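Structure first, commentary second.
Shown next as structure tokens:
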């Protein structure tokens, strides 16, 4: 009964709001059309409208604004001993928004305070909104109540989004070009889909509820505001009138079925999103103000391509499907809109391909040269460094050399080479070229073998095509334990010669006599997180032999940070700072010095300082995907920097095209944020690039488990176990079985996980 009353009140407010937003001569016809046979509702609305017209907007625009009641805070106020008010940001129908500083966390926040008549209770949707964590949805953190001279004031603590509303941007600059509008629409779809997946409807989606925030990359971040906060469940009548006076543009976004009394659904949110898309590319609402009510409720609006010269007909189908008057004929989800946009892009790509082929007939010789060049460079080189095959050698020293070669290759300028470090081959048990193609997505491999006799080392190295095994480049050479650094340079030159890449002009060196110890220390640092005790004395030995290079000091810094991470003993952090200071004294503007400074600061919790260090490293080596990855990990640890984290992870992927690892990182990030649909997309990309990736299949299994797709989960987990029987795959399969009530089967899988990794899964 209560829900029915609330629904009736909400419909009354919605219709009154819409009627007040229309010219007076259209109000009566509108109400008769939408009320249908509900004569009681029609009579009530007509009575309120007549009263409003007789009183000349007296209720909507009272003489006294009750400023002190409706604006309870002022700059400088400290609210609940925690939030310091900076300024008032704006005022809506239901509340006032302030910028504040959370002095407990030292973070900027937005506080939304309810006006009188709207603070009887926090709507359930607002509580649900607190669960939504997505970069394109404004984060709602907490609900508070403050005591003032005029009584209690309820307010929400939300993410502070700096920028302007989409409505303001369109008013200021006009419509967006389609190429600019598409990424904004995609972001809105992602945010809306995340909320819908959490069972949350917006109910008042409009361009005034979308913020455009500048990002550090120069792109715009679109943020949906006020999820679950748009309409109070049962506002007072006076509050309803004030709400109407402030939201007179909102009726343009309301789906036809809502006017007829239907409940809000995903389809009604899709309709509102379609109105925003229409605005984005035309600068106007789908229906003009003078459009008859019957048309608004029963017809499609004019196609966007007829309203803006730059808009082609491919946009019409997407937007008009959103705006169909029948809910069942709209897209069933925001994800479907993204897929439709992707099909549009593919269609355009096919058109461009056809045009390119036509050009061949007109300029055959030139086109042949262009197409030849494109075929050589159409797929980026993804070079997997395989573990070295050794005979009679210290495996730590020679394998450490491969880590150094990987690092040096990553620092090469340009984007034509993606290096898959040897650690990935070790973790995925890749020993053969074709395994590198299937499990790591490699196009080429660097395969090395050494024969050691005393201090003499005979090296054979091959750069091979991972699929055909065709030899691209070969190296044979004789070295000694004192010239391992020369061997490293020779391997680097073999790769650059194979793919005609430029060598870096300047390189930091480690003295030949110190290099074997440095290389073995690097090998131990990168091999796992538990070998720092062995690495530290090796770096100390390297420093005894070479105190000029900063590199042994950066390696020692990394080893101390690993030791601190494992023990949380502050002495190791102090030693890391001392080692870093020594590195900085030798080259304060070295990319590797800045990189290790970032790692130390991040581990210590000094995130802003870490960001500065990583950014300087990136400025010195802008194409180093590893640097961008660590920048993303740092942003991930910070409050309110999830959008920056995504951009950093995406940049890492962009710099390493076709390489699966950045997509795995991005998928794990989305998974931890609870954005399972986006996480699934990234993990599917991993499996697409590296079909035999155990990690990709295991993580897909985890997605299927948390989204209750247990048949898919079992298939993905068993596929992962065929590739490599990992504890992660057994654990995920066990979770799937447990959720299905198969406790005995689940127990078997859990025991297998514990047997493989007791330190991780036994508790």
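In the working numbering, the protein residues as written are 292 to 1054.
By construction, the Cβ of each residue, glycine as well, lies at the ideal position given by its N, Cα and C atoms.
Predicted model, so just to flag it, every value in this text is computed and none were measured.
The continuous stretches of alpha helix (DSSP H) do not include residue 450, which lies in the beta strand (DSSP E) extending over residues 442 to 450. Residue burial annotation: residue 858 is exposed, with fewer than 16 other C-beta atoms found within 10 angstroms of its C-beta. By the 16-neighbour rule on beta-carbons within 10 angstroms, residue 862 is exposed. C-alpha of residue 337 to C-alpha of residue 307: approximately 9 angstroms in a straight line. The beta carbons of residue 497 and residue 431 sit no closer together than 9 angstroms. The segment 1021 to 1031 and the segment 993 to 1005 touch, with three or more beta-carbon pairs separated by less than 8 angstroms. In the pairwise beta carbon analysis, the segment 478 to 491 is classified as not touching the segment 459 to 470: fewer than three pairs are separated by under 8 angstroms. Positions of the beta strand (DSSP E) runs, each at least 3 residues long and wholly inside the segment 757 to 804, are given as 762 to 771 in order along the chain. The alpha-carbon of residue 702 is positioned some 6 angstroms away from that of residue 915.
By the neighbour-count definition (other C-beta atoms within 10 Å, threshold 16), residue 396 is an exposed residue. Burial state of residue 403 is buried, judged by a 10 Å Cβ sphere holding 16 or more other Cβ atoms.
By the neighbour-count criterion, in which 16 or more other beta carbons inside 10 Å mark a residue as buried, residue 323 falls on the exposed side.
Residue 570 sits buried, since 16 or more C-beta atoms from the chains shown fall within 10 Å of its C-beta.
When DSSP reads this structure, residue 374 sits in a beta bridge with 370, 393. As the crow flies, the alpha-carbon of residue 587 is around 25 angstroms from that of residue 631.
Less than 9 angstroms separates the beta-carbon of residue 590 from that of residue 616.
Contact between residue 728 and residue 757 is confirmed by a C-beta separation of about 4 angstroms, below the 8 angstroms threshold.
With fewer than 16 neighbouring CB atoms inside 10 Å of its own CB, residue 872 falls in the exposed class. By the Cβ criterion, the segment 807 to 815 is in contact with the segment 831 to 846, since at least three pairs of Cβ atoms, one from each stretch, lie closer than 8 angstroms. Under DSSP, residue 434 shares a beta bridge with 447. Exclusion of the five residues before and after residue 853 leaves 816, 820, 823 as the residues of its chain whose Cβ lies within less than 7 angstroms of its Cβ.
Per DSSP, the unbroken alpha helix (DSSP H) holding residue 885 starts and ends at 882 to 895. Membership of residue 722 in any beta strand (DSSP E) is not indicated, and neither H nor E is assigned to it by DSSP. By the criterion of a C-beta distance shorter than 7 angstroms, residue 978 is surrounded in its chain by 984, 987, 988, 991, once the five residues flanking it on both sides are discounted. The three-state secondary structure of residue 987, taken from DSSP, is helix. Along the segment 452 to 523, the alpha helix (DSSP H) occurs as fully enclosed runs of 4 or more residues at 457 to 464, 469 to 488, listed in sequence order. If you ignore the 5 residues before and after residue 606, its C-beta comes within less than 6 angstroms of the C-beta of 595, all in its own chain and listed in chain order. Where residue 1008 is concerned, the enclosing alpha helix (DSSP H) starts and stops at 1001 to 1014. Classified as exposed, residue 1035 has fewer than 16 neighbouring CB atoms from the shown chains inside 10 Å of its CB. Assignment of residue 613 by DSSP, reduced to helix, strand and coil, places it in the helix class. By DSSP's assignment, residue 439 forms a beta bridge with 442. Given a length threshold of 4 residues, each whole run of the alpha helix (DSSP H) inside the segment 885 to 967 is given here in chain order: 898 to 911, 916 to 927, 933 to 946, 951 to 964. In this structure, residue 826 places its C-beta atom within 9 angstroms of the C-beta atom of residue 850.
For residue 732, the closest C-alpha among the options 1049, 950, 960 is that of 950. In this chain, residue 735 is not harboured by any alpha helix (DSSP H); it is covered by the beta strand (DSSP E) spanning 735 to 744. In this structure residue 1001 touches residue 1027 by the C-beta definition: roughly 5 angstroms separates them, less than 8 angstroms.
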